[in-house]
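Structure first, commentary second.
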Amino acid sequence: MAKMTIPSPSMLHLICCVREENYQPIDLYKNEDDLYRDIALAYQETIRTFYKTGCRYLQFDDTSWGEFCDPDKRKAYEARGLDLDKIEKNYVKMINLALEAKPADMKITMHICRGNFRSTWFSSGGYDPVAEILFGHCNIDGFFLEYDSDRAGGFEPLKHIQKQQVVLGLITSKFPQLEKFEDVKARVEEASQYVPKDQLCLSPQCGFASTEEGNALTEEEQWAKVRLIRDYADKIWGE
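Using the numbering used here, you'd call the opening residue of the sequence shown number 314 and step up by one each time.
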């Protein structure tokens, strides 16, 4: 099954209204609830259009939650007077409204991205600040979570996961070194203390080429990572 990936609804708001320090709403959106609603309705139309063209697996790529996990970025946003808990709740409400257009036989997931440009990163910090709001209330079918380094914190925030699949990004796409099977297996077992093992999956922490510049890997090194993931998943969950 092919997967189509597009920016998450929250990215439209984050880039224009949160990152932009000089943002001023136009008259139409003096009431910000109207802006959240219209973004969600635009995504409803988008979801229906993808479905009509045959798409059954759509993924939202979202860096906002990675930023909201980062203590330095949280501090900077809060210093500007932004209420991040309120914004996070509005983002979940907006995403859930967009998801109301999702047909029963379509899956929509979310990748929480922490940056992936030329093997560098953009944000760090555990999922604790967003876990209850996002994991506990977002009606997405699954979360792709980056866990390839200590920057992502521990697995305890996963206790807020409901019925969503959790795809553990334990394999780095930033560097060619191959992870050891026993290390990966141990981390899956650790995560299963908080989420049932049959709700867990394995993947790279992000794509191999989030931008045209790619990461510091050769094509063969990338395929080696893909083969490793398939091999380890077969061993951990059974072929």
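Note that the Cβ used here is the ideal one computed from N, Cα and C, for glycine as well.
Asp375 - partner residues in DSSP beta bridges: Ile425
Assign Lys420 to one of three DSSP states: helix, strand, or coil. Strand, per DSSP.
From Ile446 to Phe457, what distance separates their C-alpha atoms? Rounded to the nearest angstrom, the two C-alpha atoms are 16 Å apart.
Between which two residues does the beta strand (DSSP E) containing Ser516 stretch? 513-517
With a Cβ-Cβ cutoff of 8 Å, do Ser323 and Met407 count as a contact? yes
For the beta strand (DSSP E) containing Pro320, list its first residue and its last residue. 317-320 is the span of the beta strand (DSSP E), which, as asked, contains Pro320.
Span of the alpha helix (DSSP H), counted from its first residue to its last, around Leu541: 532-550
Gln478, DSSP secondary structure in three states: In the three-state DSSP reduction, Gln478 falls in the strand class (E or B).
Assuming contact is defined by CB atoms lying nearer than 8 Å, are Ile425 and Gly455 in contact in what I supplied? Contact flag unset, no.
Using a 10 Å radius around the Cβ and a threshold of 16 neighbouring Cβ atoms, would you call Gln559 buried or exposed? Not covered by the structure: residue 559. The range shown for the chain is 314 to 552.
What's the gap between the Cα of Lys487 and the Cα of Asp375? Those two C-alpha atoms are separated by around 18 Å.
Sub-8 Å separation of Tyr507 and Lys472 beta-carbons: yes
Going by DSSP, which residues form a beta bridge with Gly466? Answer by DSSP bridge pairing: none, since Gly466 is not bridged.
With a cut-off of 8 Å on the beta carbons, I'd call Gln274 and Val479 a contact; round off their distance for me. In the structure as shown, the chain begins at 314 and stops at 552. Residue 274 is therefore absent and cannot be evaluated.
I'd like to know whether the C-beta atoms of Glu413 and Phe468 end up nearer to each other than 8 Å. Going by C-beta atoms, Glu413 is not nearer than 8 Å to Phe468.
Would you call the CB atoms of Asp383 and Gly438 closer than 8 Å? Result yes, Cβ atoms of Asp383 and Gly438 sit closer than 8 Å.
In whole angstroms, what is the alpha-carbon distance linking Gly551 and Asn344? Those two C-alpha atoms are separated by around 52 Å.
Starting from the Cα of Asp461, find the closest Cα among Glu391, Ile549, Pro489, Phe363 and give me that residue. Of the candidates Glu391, Ile549, Pro489, Phe363, Pro489 places its Cα closest to the Cα of Asp461.
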